[in-house]
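Data block below; observations after.
In this note's numbering, the protein residues as written are 1 to 470.
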């Protein structure tokens, strides 16, 4: 079976090379009639949106907070969460407090751990241009790539980010910001009553100062009474000013902000669940996840995470149940469909894998890894043209030549051909782009993890870079 898959992958790549060569050596096309005119290129606005999203994502990954938060449409997000009337009724001070909360949430969710390598690996934007443009970005953190969708809109001040969606778990950062603020982040005020409540303590303090002066003023000599009155005038004046400001604020602010953000117990339980997974305590981890759901955690991302852990632990049946449950929730976790497709591909159910990959790509947009896996499934089913098209799409997303070689190696690895995988990766060493340590933990090469050729390759000492020619 593995040899057959390896031959299929090799045949696929040969077909791809032949197609590329034919395109490069073909004569220039003659002028065509209007009926055969090629479709127009994507609108410039889509390209500008992709560039803007890539720039903003790079700023977040590099810790450039100011550059990133200026791109967030915090006003629009809060207007949708609170309602236009409530948002317009808040004072500038209140609005800035909420803006900072939303911006910090986006930045904290996307920035990598301190010292971790990260980059924007690929970008894709649909050709159709609308008021809102969804840009897909592959954000690479260490050995993992997170597939994201950046929802952009064009305003008089330029492009802004309405939302960032982590596509595989189905997490919207704007929706998460709403959960962070709670169900009642803003409440109407009884301004007259609150003004009176704020003034009363200050008035009582002022009366206390006057009473002290009247009581003690009679007991001291007249020449010292002026000093007493002057001394008492300072706190009295402070009480008057503070009371006036407090009353003015109460009268000017029709809404009050919650004093503190609501407690999110499920966040702490989520940390416990991840800790138990790191300790390989599956039972305790699952129990912590279930408690997190009861405490308000969204169900689909939790089921997706449980499925990933079950699959990594070798429990395919439990992983399948978790992934299927993640797809049934609303909103679902689309990445569960991709994981089910990968499981089907590994088990030789190629038609099922192809159908699941097609559904996943339709709902989330293209990405190099899924397209490469789809190409393997198409090749195994004998659909060479569809496989070539899938790999061409994947290569178009990646860009750099050395990343294309890496993609080719991953296709061979998914097909179980360790020798061809090693051959595809060797040229990267001369370019300084080969990291054997990272390859050991890359799930793309899991299928050949025990192959002697792969083990020998990973055990080799890194070769020195070629000396420059003088």
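Idealized CB from N, CA, C, for every residue including glycine. All of these numbers come straight from a predicted model, not from anything done at the bench.
Closest residue to residue i among the options (Cα-Cα distance)
i	options	result
residue 334	301, 430, 351, 348	301
residue 101	83, 84, 73	73
residue 133	146, 182, 140, 150	150
residue 403	201, 137, 431, 378	431
residue 210	187, 240, 188, 185	240
residue 271	259, 331, 289	289
residue 306	92, 325, 349, 296	325
residue 442	145, 264, 329	145
residue 109	86, 65, 255, 84	65
residue 375	363, 365, 183, 389	389
residue 103	291, 177, 275	177
residue 49	127, 107, 93	127
residue 165	364, 85, 229	364
residue 189	86, 387, 315, 348	86
Neighbourhood of residue i by C-beta, 7 Å cutoff - its chain only, sequence neighbours within 5 removed
i	result
residue 459	none
residue 88	none
residue 451	418
residue 424	405, 408, 409, 412
residue 426	none
According to DSSP, residues forming a beta bridge with residue i
i	result
residue 163	151
residue 266	The partner list for residue 266 (beta bridge, DSSP) is empty, contrary to what the question assumes.
residue 140	119, 145
residue 256	187
residue 124	136
residue 72	161
Close-in-space but distant-in-sequence residues of the same chain around residue i (CB under 8 Å, 5 per side omitted)
i	result
residue 444	369, 410, 413, 414
residue 120	54, 57, 58, 61, 137, 138, 139, 140
residue 76	153, 160, 162
residue 143	438, 441, 442
residue 473	Residue 473 falls outside the range modelled here, since the chain spans only 1 to 470, and no answer is possible.
residue 293	266, 299, 302
Residue i (DSSP reduced to helix, strand or coil)
i	result
residue 172	strand
residue 158	strand
residue 29	At residue 29 the pLDDT is 40, less than 50, meaning the model places this residue with poor confidence; the figure from the coordinates comes in the next sentence. The answer is coil: DSSP assigns residue 29 none of H, G, I, E or B.
residue 38	Summary for residue 38: the model assigns pLDDT 44, below 50, so the residue's position carries little reliability; its value from the coordinates is reported in the next sentence. DSSP places residue 38 in coil when its eight states are reduced to three.
residue 365	coil
residue 222	helix
residue 179	helix
residue 347	coil
residue 417	coil
residue 315	coil
residue 105	helix
residue 370	helix
residue 337	helix
residue 473	No statement about residue 473 is possible, as the shown extent of the chain runs from 1 to 470 and does not include it.
residue 24	Residue confidence is low: residue 24 scores 39 on pLDDT, short of 50, so the model does not pin down where it sits. Its coordinate-derived value is still stated next. It is helical.
residue 55	helix
residue 383	coil
residue 291	helix
Residue j beta carbon less than 9 Å from that of residue i
i	j	result
residue 327	residue 97	no
residue 381	residue 371	no
residue 357	residue 336	no
residue 123	residue 141	no
residue 261	residue 181	yes
residue 296	residue 329	no
residue 435	residue 304	no
residue 170	residue 332	yes
residue 279	residue 311	no
Neighbourhood of residue i by C-beta, 6 Å cutoff - its chain only, sequence neighbours within 5 removed
i	result
residue 353	341, 344, 345, 377
residue 273	285, 288, 289
residue 185	258
residue 106	72, 173
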